Amino acid sequence: MIVVMGPGTTRAQREAVIRKIEAAGLQVHVSEGVERTVVGVVGDSHTKELLREGLEAMPGVETVVRILQPYKLVSREFHGGRDTTVWVGDVAIGGGRVVVIAGPCSVESRDQVMDTARAVKSAGAQLLRGGAFKPRTSPYSFQGLEEEALRILAEAREATGMPIVTEAMDNRQLEMVVKYADMVQIGARNMQNYTLLRDAGRAKHPVLLKRGPSATIEELLLAAEYVMAEGNPHVVLCERGIRTFESYTRFTLDLTVVPVLKRLTHLPVIVDPCHGTGKWELVTPMARAAVAAGADGLLVEVHPEPSRALSDGPQQLTPENFAVMMQELDAIALAVGRRV
Ligand code: PEP
Ligand code: MN
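For the sequence shown, our numbering begins at 10 and goes up steadily by one.
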């Protein structure tokens, strides 16, 4: 961490800053420039972080810059530069193959899930998704079939062998989801629900953590750090679109995060082109782009009859369109040294 002292700083102000740093048990390296003085702070990063805002508020301090990232366990350096593979049942995410998680936005009926599960599996999906507890903008919209949906998903896993992924929005739901599902999704709206993140960390179950629509990359990484700090290293990050001024699409799918996250973290990164665009016609092109950008996987909503879906109809692929998408992804994956 470095403390930059602005032009016109007095000697007394500079000494006060140095005293504060040394009193915390940290070492100081002062470098005097013509206009500014830069005070380097060396020592335990936790102590530095505790001191940071206090220093920023001191007279004469222009800015305090972190040199190391505020997250640790999720950082690539922390893992010796290597990628992490997260196992969900017998499926490896981050292991070189592009893993596709597919299924309806919401579990609506047994037939709907069974038909979708069989179709997506034969097209090459490896994991099955389906919402049991739905985070809907309106309290009057369909809220999910809850435990009945979890039973249906478990039955679909029995029938197809595909591990299942589903969302929990609070700890009570989490306890239930962990009993039935192979991976728990923490949705975009809950990315900064720190109690839930800690609970998911303690559950030690694989976690699919979706980026909040207004979350920065650093906030996403810190959310993952919460889960990992509780001793759960099984975290997969998911870009699902952010809020911008653009209103043609539901959100703006920020594919830049794929190479950025790959540089900053060892965790696998997947992309959800459905919520990211809100329009089924855009799903396949953005899925192709995500794979080309280096994503470790995709999350794709598939419904046997999107026009009758109880949630997110406009962005769900039919099983037929999903199969076409999967074929198109083959060539792109191969071109970037992967396979679907
Ligand atoms: C979902 O995956 O069904 C979902 C609600 O996603 P998000 O949290 O990204 O909106
Ligand atoms: Mn959805």
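Don't be surprised by glycine CBs; every beta carbon is placed ideally from N, CA and C.
Computed from a prediction, not measured in an experiment: that's the story for all the values here.
Residue i - partner residues in DSSP beta bridges
i, result
"V39", "V48"
"G221", "Answer is none; G221 lacks a bridge partner."
"M433", "The shown model of the chain, from 10 to 349, leaves out residue 433, and the question about it has no answer."
"H101", "With the sequence shown as reference, residue 101 is identified as Ala, and His is not the correct amino acid for it. W96, per the DSSP bridge assignment."
"E310", "G112"
"V193", "T175 and V216"
"S316", "For S316, which the question treats as bridged, DSSP gives no partner whatsoever."
"L137", "A111 and I173"
"L326", "V311"
Given residue i as reference, the closest of the options once Cα atoms are compared
i, options, result
"L217", "L60, P323, L276 and G42", "L276"
"G34", "V50, E41 and G42", "V50"
"L7", "I195, G139 and E255", "The displayed coordinates of the chain run from 10 to 349. Any statement about residue 7 would go beyond what the structure contains."
"Q121", "P79, A165 and I110", "A165"
"V278", "G133, V300 and L206", "V300"
"G265", "T327, R20 and G250", "Strictly speaking, residue 265 in this sequence is Thr, with Gly absent from that position. The residue with the shortest Cα to Cα distance from T265 is G250."
"E290", "D263, S320 and R259", "R259"
"T125", "E314, P323 and L343", "E314"
"L183", "Y149, A212 and F254", "A212"
"T94", "T286, I161, A168 and G104", "G104"
"R25", "V187, L64 and C247", "Residue identity check: residue 25 is Ala in the sequence provided, not Arg. That would be L64, whose Cα lies nearest to the Cα of A25."
"P215", "M237, E227, E31 and T225", "M237"
"E227", "G240, R61, E31 and K81", "K81"
"D208", "V187, G221, R23 and S223", "V187"
"V292", "S316, A168, P323 and P222", "P323"
"M354", "D191, M185, D179 and M192", "This structure cannot settle anything about residue 354, because the visible part of the chain is limited to 10 through 349."
"T18", "G140, H88 and E41", "E41"
"E248", "L206, M192, D263 and P242", "D263"
Beta-carbon proximity list for residue i, same chain, < 7 Å, skipping 5 on both sides
i, result
"I303", "A small correction: the amino acid at residue 303 is Gly; Ile does not occupy that position in the sequence shown. Closer than 7 Å at the Cβ level, and outside the excluded window around G303, lie V267, P268, K271 and V345."
"A296", "P282, L307, V309, M334 and L338"
"S84", "Q78, L273 and T274"
"K143", "S115, F151, Q152, G153 and S320"
"S54", "L77"
"T253", "T261"
"A233", "V83, L218, V244, L246 and L276"
"E31", "V37"
Near the ligand GTP: residue i beta-carbon under 7 Å from a heavy atom
i, result
"D305", "What this structure holds is the ligand PEP and the ligand MN, not the ligand GTP."
Same chain, Cβ closer than 6 Å to residue i, five either side skipped, listed in chain order
i, result
"A132", "F331, A332 and M335"
"A163", "Y189"
"T72", "V13"
"Q22", "P68 and G69"
Sequence-distant residues of its chain with Cβ nearer than 8 Å to residue i (five each side left out)
i, result
"P16", "E44 and R45"
"S316", "G322"
"E255", "T261"
- [ ] Starting from the N-terminal side, write out each stretch of the alpha helix (DSSP H) that is 4 residues or longer and does not extend beyond the region 208 to 291.
- [x] 226 to 238, 266 to 273 and 282 to 286
TODO: Can you list the residues near the ligand MN, meaning Cβ strictly closer than 5 Å to any non-hydrogen atom, in the order they appear in the chain?
DONE: C114 and D321
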